[in-house]
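Quick note on numbering: the working numbering labels position 150 of the sequence shown as 727, and the sequence is numbered without any gaps.
Glycine included, each C-beta is placed from N, C-alpha and C at the ideal position.
So the structure is just underneath, and the comments pick up after that.
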Amino acid sequence: MTLIELLVVMGVIGILMTVSIGGISKSRQQARFKEAVNTVVGFIQGARSRALSNLSMNIGGIDYSADAFYLQINSQTNELNLYADFNGTNDQLLEHQTLDPSVQITPNPSDLDRMVYFAPMGELEFFYTDGSPDNEITLTLTSPGNPFEQKIFLSEVGRVPELVK
Numbered sequence: 578m579t580l581i582e583l584l585v586v587m588g589v590i591g592i593l594m595t596v597s598i599g600g601i602s603k604s605r606q607q608a609r610f611k612e613a614v615n616t617v618v619g620f621i622q623g624a625r626s627r628a629l630s631n632l633s634m635n636i637g638g639i640d641y642s643a644d645a646f647y648l649q650i651n652s653q654t655n656e657l658n659l660y661a662d663f664n665g666t667n668d669q670l671l672e673h674q675t676l677d678p679s680v681q682i683t684p685n686p687s688d689l690d691r692m693v694y695f696a697p698m699g700e701l702e703f704f705y706t707d708g709s710p711d712n713e714i715t716l717t718l719t720s721p722g723n724p725f726e727q728k729i730f731l732s733e734v735g736r737v738p739e740l741v742k
């Protein structure tokens, strides 16, 4: 093999590696985005499931039965918090998750404070910081700099999160 042939082969290998590394990077970003979407949907479904099951919890040696389970989303810090509400007192944080920093979550209406599933029937109600009367919301997940976007629609009537484009 001559030196020229060797340089050509090395050049082709370099080009192939450059192309494949870009594809791998995009696949990794897409996987992180899908994981964030699944996490948000899982938190919503977790609140609903807990409200429907209405299990009692032992806190400090006393059995409590939650009246509701609510999810709060902080779009500034990408944090999800799931709480059990014990008649307005002793709210208990059940789960906490911070989404990947490459993903941004935006609620619409933007003044959404929390989504509450009431036990034992799983009724859903939205609470807002500014008192918006909306009975449906859309959570939009995006990945700035990437073409990834997923909307999650939720209404007080349907009660189940729907993925929409």
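Just verifying my parser: in three-state terms, what is the DSSP assignment at residue i?
i: Leu583; result: helix
i: Ser732; result: strand
i: Ala696; result: coil
i: Gln653; result: coil
i: Thr706; result: coil
i: Asn615; result: helix
i: Phe725; result: coil
Please report the residue range of the beta strand (DSSP E) in which residue i lies.
i: Asp640; result: 639-642
i: Pro684; result: 681-685
i: Ile667; result: This sequence places Asn at residue 667; Ile is not what is there. Residues 666-675.
i: Val562; result: Nothing can be reported for residue 562: it is not among the residues displayed for the chain, which extend from 578 to 742.
Count the other CB atoms, across all protein chains shown, that sit within 10 Å of the CB of residue i; report buried if there are 16 or more and exposed otherwise.
i: Pro684; result: buried
i: Ser698; result: First, the amino acid is wrong: residue 698 is Met here, not Ser. Classification of Met698: exposed, given that the 10 Å Cβ count is below 16.
i: Val585; result: exposed
i: Val614; result: buried
Name, in chain order, the residues that DSSP records as bridge partners for residue i.
i: Asn658; result: Gln649, His673
i: Ile714; result: Leu731
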